[in-house]
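In this note's numbering, the protein residues as written are 1157 to 1349. Beta carbons are placed, not taken as given, at the ideal position from N, Cα and C, and that holds for glycine.
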Ligand SMILES: Nc1nc2c(ncn2[C@@H]2O[C@H](COP(=O)(O)OP(=O)(O)OP(=O)(O)O)[C@@H](O)[C@H]2O)c(=O)[nH]1
Ligand SMILES: [Mg+2]
């Protein structure tokens, strides 16, 4: 279990990203999906800001995990109170980050298990594929559905996307994240650092 996690800084523009060379893993997904909560769970620390109000995370926030890798908390998309301009800013920030960060080794697409795969998730999938960045899906809030519904949702997303790295987690019950952390460490960090 990772300890010694440190918040490094938050940034919007590439010139402000932290100057490190450690492998980096970013968390993207709809606002309120549970990205920051999942980062906290993996880090075993309340480093990332979590709120009942969607739209809490507005910048890219960088967290150093045991000086081995960096987790990046991204702002969520699809927050209805945000304007069209803000949505475009979000796209610009995320696309620039993916383009300008060679140490980015993989992206965790975080989804509330009760929500459907939408064109927003599809856009992230298409874009990461285009850029050669591996993707995994974390279905959060598994405490809100039955086991059989969870299995059904996992199968349906697997079928729709063709992705094989899918994980069910509950940030509330602290379940499922070890497998996810194990996968990202073995596939994306250890293989590449
Ligand atoms: N029941 C349940 N609630 C969760 C879970 N994960 C997150 N939440 C709750 O969902 C809300 C949003 O969580 P965040 O981690 O802030 O979500 P986010 O994706 O970082 O949201 P933005 O920063 O707005 O993009 C909070 O009230 C969390 O407590 C989970 O696995 N189960
Ligand atoms: Mg957040």
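Which of helix, strand or coil DSSP assigns to residue i
i: residue 1173; result: coil
i: residue 1229; result: strand
i: residue 1349; result: For residue 1349, the predicted structure reports a pLDDT of 44, less than 50, and the residue's modelled location is therefore unreliable. A value from the coordinates is still provided. DSSP places residue 1349 in coil when its eight states are reduced to three.
i: residue 1203; result: coil
i: residue 1342; result: helix
i: residue 1252; result: helix
i: residue 1240; result: helix
i: residue 1191; result: helix
i: residue 1198; result: helix
Ligand 1 heavy atom lying under 7 Å from the CB of residue i
i: residue 1336; result: no
i: residue 1266; result: yes
i: residue 1353; result: Because residue 1353 is not part of the residues shown, which for the chain are 1157 to 1349, the question remains open.
i: residue 1187; result: yes
i: residue 1206; result: yes
i: residue 1296; result: yes
i: residue 1303; result: no
i: residue 1351; result: Here the chain has residues from 1157 to 1349 only, and residue 1351 is not among them.
Cβ pair residue i, residue j closer than 8 Å
i: residue 1409; j: residue 1309; result: As shown, the chain starts at 1157 and ends at 1349. That puts residue 1409 outside it, with no answer to give.
i: residue 1298; j: residue 1325; result: yes
i: residue 1130; j: residue 1287; result: One cannot answer for residue 1130 here, as it falls past the ends of the chain, which runs 1157 to 1349.
i: residue 1203; j: residue 1218; result: no
i: residue 1380; j: residue 1292; result: An answer regarding residue 1380 cannot be provided, because it is not within the stretch 1157 to 1349 covered by the chain.
i: residue 1206; j: residue 1161; result: no
i: residue 1283; j: residue 1242; result: no
i: residue 1181; j: residue 1261; result: yes
i: residue 1214; j: residue 1276; result: no
i: residue 1163; j: residue 1257; result: no
i: residue 1189; j: residue 1267; result: yes
Ligand 2 heavy atom lying under 7 Å from the CB of residue i
i: residue 1252; result: no
i: residue 1191; result: yes
i: residue 1232; result: yes
i: residue 1213; result: yes
i: residue 1276; result: no
Where the beta strand (DSSP E) through residue i begins and ends
i: residue 1262; result: 1260 to 1268
i: residue 1312; result: Not the beta strand (DSSP E): residue 1312 falls in the alpha helix (DSSP H), residues 1303 to 1317.
i: residue 1181; result: 1180 to 1185
i: residue 1149; result: Here the chain covers residues 1157 to 1349 and nothing more, so residue 1149 does not appear.
i: residue 1209; result: First-last for residue 1209: undefined, no H or E at that position.
i: residue 1152; result: A query on residue 1152 cannot be resolved here, the shown segment of the chain reaching from 1157 to 1349 and no further.
i: residue 1162; result: 1161 to 1167
i: residue 1324; result: 1322 to 1324
8 Å Cβ cutoff, residue i in contact with chain C
i: residue 1219; result: The structure shown has no chain C; it contains just one protein chain.
Where the alpha helix (DSSP H) containing residue i begins and where it ends
i: residue 1286; result: 1275 to 1287
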